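Student:
Chains as they are written, first to last, in this note's numbering: chain F, 1 to 208; chain U, 1001 to 1394.
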């Protein structure tokens, strides 16, 4: 497992790192328990709706820091609509790839950028606070990376069923009991969904 | 800087001594024979092997016929644990170990749990010492084995083997005592008879011997079920071929290391004390994991550096040619925080920010100065990027 030279460059000499004074929007995702936490700060030109300035902080590994650095580079100078399309895949591609087991670390930075943009739009009356629904769960599941191959569990068709009734989330996953990553995936799903106040209970089922 | 120029991960594998490489040479080239009787080639090797066995037995202060060669510490652990349990399952099916044991012990425990045995996992305190009261309480009439790791591979904690031995011996029936001495051999004085050890594993490459060879001490009269069936070439427990050159290298490593045992241990202690003192003097908000003082193995320093993540630290040190280990989930194979640190009550940040330095007699104070300088710079740099640090420091 090796990091690319670009990952090492962005890790050792990250761009746009540091706390921003008086940002127009900010977001923090992840937690020390998950192993990484990222904060993204935005300055937005309110007329052009362009990201004038962006910076980040990261408590995380080399992959996490490098991806956060790359995400900020990709987003800087972009309109909010353009920046909304930036995903962890774009950052990973721009970094010449990541080892599969490290892909999950890259998701957090992209996620934090999207939350910061969303926070800006909500604060400026550009959009409503989104309602929590089954689609929210599916969107969260698209951020869960299966570490063995470095791809998300929805794309890999590992999610067989998603249900949401009266605060109870029900997810059926097609991951066999001998899979060494099964518990990691379940744990990460819980971490992603527990942050929503609408979620009271999470049940994850596997094949026998 | 070349990779591994400054190497401080000696608990995983240590650099072979030059004399060890020299001692192996003839067995790779001319003397590639296996032991046998009557023919001069086989007799020569048989005699050499007995000499190597005697060297290792002497270091352990045991009889030569109580030492069997194996292809490493993990093989020795498996032969002993599986051998004791299969030979004694008719007497009981209860086993005791602790939550801070080496993976060889814990994975064997899990295997036997699935095979119908019952395992009691005793806890450990915040410094990694196993709970002796729990051990006493866990002993049952059907307990047949207690397994322990003499020196903890993460924290360096030296278990109180004399007290453990007394508790096991005080039971009203025979309980076998198996010990993993992977991190203890060459680091502390092992008193096998006094501690009542029945079987114990050691490994060559932790004390500057070659990789791929170890040994199992089996106390005279201890019957082990046969784990590996096949032709007997060297010893009866790990049947089949073993590499004679590696055995020769193992014996040479033991010979030269134990000739200066006290001085080597004193050097390790001096270096690790110096490293810990330097870290504590130069880096703020650092805490030691495991005990201080004589109950800590002399080669181990493990600290948690607040607010930053260990894989990032390890990568930055690697760029400076420094090899160390971390308990961070991101650097682990299973993406989980270190189970030992979590078992002794550390939190995720303490585990993710833990750095383990394991020293050898080849390390120097100059190297330590180099490591601490870079570690200090890296800590400052990563804390500038850390939301956890900036949230609590202005």
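Glycine residues also receive a C-beta, built at the ideal position from the N, C-alpha and C atoms.
Keep in mind it's a predicted model, so treat the numbers as computed, not measured.
(1) Is any beta-carbon of chain F found at less than 9 Å from that of residue 1016(U)?
(2) Enumerate in chain order the residues of its own chain whose CB-to-CB distance from residue 1241(U) is below 8 Å, with the five nearest sequence positions on each side excluded.
(3) Does residue 62(F) come within less than 9 Å of chain U when only Cβ atoms are used?
(4) Residue 1380(U): buried (16+ other C-beta within 10 angstroms of its C-beta) or exposed?
(5) Kindly list the residues whose CB is nearer than 7 Å to the CB of residue 1357(U), restricted to its own chain and excluding five residues on each side of it in sequence; keep chain order.
(6) Just curious, the alpha helix (DSSP H) that residue 1367(U) is in, first and last residue?
(7) Applying the criterion that 16 or more other CB atoms from any shown protein chain within 10 Å of the CB defines a buried residue, is residue 163(F) buried or exposed?
(8) Between the Cα of residue 1142(U) and the Cα atoms of 1155(U), 1131(U), 1119(U), which residue gives the shortest distance?
(9) So residue 1108(U) and residue 1152(U) are supposed to be a Cβ contact under 8 Å. How far apart are they, rounded?
(10) Do residue 1185(U) and residue 953(U) come within 9 Å of each other at the CB atom, strictly closer than that value?
(11) Chain U partners of residue 37(F), CB-CB under 8 Å?
(12) Could you tell me which chain F residues have their CB closer than 7 Å to the CB of residue 1349(U), listed as they occur along the chain?
(13) Check residue 1362(U) in the structure and name its three-state DSSP category.
(14) What does the Cβ neighbour count give for residue 152(F), buried or exposed, with the cut at 16 atoms within 10 Å?
(15) Flag residue 11(F) as yes if its beta-carbon sits less than 9 Å from any beta-carbon of chain U, otherwise no.
(16) Residue 1155(U) and residue 1291(U): beta carbons closer than 9 Å?
(17) Strictly below 7 Å CB to CB, what residues from chain U border residue 65(F)?
(18) Counting only runs of 3+ residues fully inside the stretch 156-185 of chain F, write out the beta strand (DSSP E) ranges in chain order.
(19) Quick one: give me the first and last residue of the alpha helix (DSSP H) that residue 1059(U) is part of.
(20) With distances taken Cα to Cα, identify the nearest neighbour of residue 1049(U) among 1394(U), 1251(U), 1368(U), 1128(U).
(21) Would you say residue 1285(U) lies against chain F (beta-carbon separation less than 9 Å)?
(22) Would you please state the rounded distance, in angstroms, between the beta carbons of residue 1116(U) and residue 1093(U)? I believe it to be under 8 Å.
(23) Which partner residues of residue 30(F) appear in the DSSP bridge assignment?
(24) Short of 9 Å Cβ to Cβ, which residues in the stretch 1315-1334 of chain U face chain F?
(25) Using a C-beta cutoff of 9 Å, does residue 1374(U) count as contacting chain F?
(26) Does the CB of residue 1307(U) have a neighbour CB from chain F at under 9 Å?
(27) Where DSSP assigns a beta bridge to residue 43(F), which residues make up the other side?
(28) If you follow the beta strand (DSSP E) that residue 1176(U) is in, where does it begin and where does it stop?
(29) In the structure shown, what three-state DSSP assignment does residue 1005(U) receive?
(30) Taking only beta-carbon positions, decide if residue 19(F) is within less than 9 Å of chain U.
(31) Could one say the Cβ of residue 80(F) lies closer than 9 Å to chain U's Cβ atoms, at least one of them?
(32) Would you list, in chain order, the members of the stretch 1341-1370 of chain U that have their beta-carbon closer than 7 Å to a beta-carbon of chain F?
(33) What does residue 58(F) reach in chain U if we use C-beta pairs closer than 8 Å?
(34) Kindly indicate the opening and closing residues of the alpha helix (DSSP H) around residue 1034(U).
(35) Between the stretch 104-111 of chain F and the stretch 80-96 of chain F, can you find at least three pairs of beta-carbon atoms closer than 8 Å?
(36) Please name the residue in 1204(U), 1012(U), 1130(U) whose C-alpha comes closest to that of residue 1159(U).
Tutor: On the basis of the supplied data:
(1) no
(2) 1034, 1233, 1234
(3) yes
(4) exposed
(5) 1008, 1275, 1301, 1324
(6) 1365-1385
(7) exposed
(8) 1119(U)
(9) About 17 Å separates the two Cβ atoms, so there is no contact after all.
(10) What is shown of chain U runs 1001 to 1394, which leaves residue 953(U) out entirely.
(11) 1387, 1388
(12) 32
(13) coil
(14) buried
(15) yes
(16) yes
(17) 1312, 1385
(18) 159-165, 168-173
(19) 1040-1060
(20) 1251(U)
(21) no
(22) 6 Å
(23) 37(F)
(24) 1315, 1316, 1319, 1328, 1329, 1330, 1331, 1333, 1334
(25) no
(26) yes
(27) 53(F)
(28) 1176-1180
(29) coil
(30) yes
(31) no
(32) 1348, 1349, 1352
(33) 1385, 1386, 1387
(34) Where residue 1034(U) is concerned, there is no enclosing alpha helix (DSSP H), given that its DSSP letter is neither H nor E.
(35) yes
(36) 1130(U)
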